Ligand code: C5P
């Protein structure tokens with residue numbers, strides 16, 4: 016089975032993350048460790064989660080001068096993660112050097128994806144940082160820049176998936192958060208999509224947090240999400 020669901024381990028303590036991992040099967044999903052859990056627990060937890068057999072997406076969104084980002088990417092890859100990311104707005108040279116930093120890992124290298132425009136940013140927010148393009152144009156621009164730098168894909172909202180998939184090859188990964196079933200609360204997510212809809216629109220991987228991690232039975236919630244996308248994968 017192609018594991019398309021990435022469960023977001025948005026916790027502030029290792030025990031909480033490890034308890035959740037006891038109830039889900041690494042054969043049925045991958046997991047994401049972001050800034051909160053990483054800041055709380057550091058690389059040792061990342062290594063522990065990898066050792067449990069989970070593919071880890073290390074979501075630290077690096078953005079710095081090229082040399083610094085390349086060095087950070089190399090260290091992250093040494094932890095054995097499956098995927099990691101950088102901000103595409105860090106530019107072509109930064110992304111290119113980050114990608115080259117992974118060359119020595121050969122076919123074991125983690126996937127490297129670019130963050131386009133954060134889904135929390137609106138057109139006025141972009142204008143205030145000097146970007147005149149509307150969010151969709153900016154997402155496209157940064158997705159093409161990520162591809163030109165040799166990255167494996169981008170993180171984008173479900174709203175942009177269809178447009179990007181039409182312009183980019185199938186093997187270019189589109190990683191999509193903001194996934195909700197009809198019965199789920201949106202939480203702070205403004206633009207949400209159903210799991211089957213996101214896959215139909217061309218998403219490669221769905222990042223799902225609270226609808227699984229806060230479910231009464233995370234195991235059942237994960238099964239439901241997997242069934243919802245099974246006929247569309
Ligand atoms: O709980 P929920 O399903 O909203 O979690 C979504 C996850 O995806 C969170 O870890 C969040 O930080 C992440 N994310 C997002 N929107 C982005 C990028 C990442 O929701 N644009």
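In my numbering, the protein residues as written are 16 to 248.
For glycine and all other residues, C-beta sits at the position ideal for the given N, C-alpha and C.
Treat the numbers as computed from the prediction; the structure is a model and nothing was measured.
For residue 199, which of 223, 38, 25 and 131 has the nearest alpha-carbon? Here residue 199 corresponds to residue number 184 of the chain shown, with the count starting at 1. Residue 199 has its Cα closest to that of 223, out of 223, 38, 25 and 131.
Please name the residue in 214, 219, 116 and 94 whose C-alpha comes closest to that of residue 246. As a first step, residue 246 must be located in the chain shown, where it is residue number 231. Selected option, being the one with the closest Cα: 214.
CA-to-CA distance, residue 154 to residue 174, given in whole angstroms: Numbered from its first residue, the chain shown carries residue 174 at position 159. Numbered from its first residue, the chain shown carries residue 154 at position 139. Straight-line Cα distance between these residues: approximately 11 Å.
Could you round the C-beta distance between residue 24 and residue 47 to whole angstroms and report it? I think they count as a contact, below 8 Å. Within the chain shown, residue 24 is the residue found at index 9, counting from 1. Within the chain shown, residue 47 is the residue found at index 32, counting from 1. With a Cβ gap of about 6 Å, residue 24 and residue 47 count as contacting.
Using the beta-carbon count (16 or more within 10 Å), is residue 107 buried or exposed? Your numbering for residue 107 matches position 92 in the chain shown. Label assigned to residue 107: exposed.
Please report how far the alpha carbon of residue 120 lies from the alpha carbon of residue 183, in whole angstroms. For the purposes of this step, residue 120 is identified with residue 105 of the chain shown, where counting begins at 1. For the purposes of this step, residue 183 is identified with residue 168 of the chain shown, where counting begins at 1. Each residue's Cα considered, the two are about 26 Å apart.
Answer yes if the segment 58–68 comes into contact with the segment 77–85, meaning at least three C-beta pairs across the two stretches below 8 Å, and no otherwise. no
Does the Cβ of residue 223 lie closer than 8 Å to at least one heavy atom of ligand 1? By one-based count along the chain shown, residue 223 stands at place 208. For ligand 1, at least one heavy atom lies less than 8 Å from the Cβ of residue 223.
Determine the direct distance from the alpha carbon of residue 190 to that of residue 217, and round the result to whole angstroms. Along the chain shown, read from residue 1 onward, the residue named residue 217 stands at position 202. Along the chain shown, read from residue 1 onward, the residue named residue 190 stands at position 175. Those two C-alpha atoms are separated by around 10 Å.
Is any heavy atom of ligand 1 found at a distance shorter than 8 Å from the C-beta of residue 135? The residue labelled residue 135 in the question sits at position 120 within the chain shown. Flag set: Cβ of residue 135 near ligand 1.
So, with DSSP's three-state summary, where would you put residue 136? Here residue 136 refers to the residue found at position 121 when the chain shown is read from its first residue. Coil.
Simplified DSSP state of residue 123, which is helix, strand or coil: Here the question's residue 123 lines up with position 108 in the chain shown. In the displayed model, residue 123 falls within a helix according to three-state DSSP.
Would you say residue 71 and residue 101 are within 9 Å of each other, going by their C-beta atoms? One-based indexing of the chain shown puts residue 71 at position 56. One-based indexing of the chain shown puts residue 101 at position 86. No, these two residues do not count as a Cβ contact at 9 Å.
Could you give the uninterrupted runs of the alpha helix (DSSP H) lying entirely in the segment 36–115, keeping only those of 4 residues or more? 50–66, 81–93 and 107–115
Is the beta carbon of residue 240 closer than 9 Å to that of residue 80? Along the chain shown, one-based indexing puts residue 80 at 65. Along the chain shown, one-based indexing puts residue 240 at 225. No, these two residues do not count as a Cβ contact at 9 Å.
Consider the C-beta atom of residue 49 and the heavy atoms of ligand 2; say whether any pair is separated by less than 8 Å. Although ligand 2 was asked about, the structure shown includes only ligand 1 as ligands.
Taking just the CA atoms, how far does residue 146 sit from residue 226? Start at 1 with the first residue of the chain shown, and residue 226 comes out as number 211. Start at 1 with the first residue of the chain shown, and residue 146 comes out as number 131. Cα to Cα, the separation comes out at about 33 Å.
Assign residue 190 to one of three DSSP states: helix, strand, or coil. On the chain shown, position 175 is the one that residue 190 refers to. Three-state DSSP puts residue 190 in a strand.
Is residue 226 near ligand 1, in the sense that its beta carbon is under 8 Å from a heavy atom of that ligand? Counted from its first residue, the chain shown places residue 226 at position 211. The closest heavy atom of ligand 1 lies less than 8 Å from the beta carbon of residue 226.
DSSP three-state call for residue 146: helix, strand or coil? Start at 1 with the first residue of the chain shown, and residue 146 comes out as number 131. In the structure shown, residue 146 sits in coil (DSSP, three-state: anything other than H, G, I, E or B).
Does residue 23 come out as helix, strand or coil in the three-state DSSP assignment? Walking along the chain shown from the start, residue 23 turns up at place 8. Reduced to three states, the DSSP call for residue 23 is strand.
Could you please give the first and the last residue of the uninterrupted alpha helix (DSSP H) stretch that includes residue 221? In the chain shown, residue 221 corresponds to position 206, counting from 1. Where residue 221 is concerned, there is no enclosing alpha helix (DSSP H), although the beta strand (DSSP E) it sits in stretches over 220–223.
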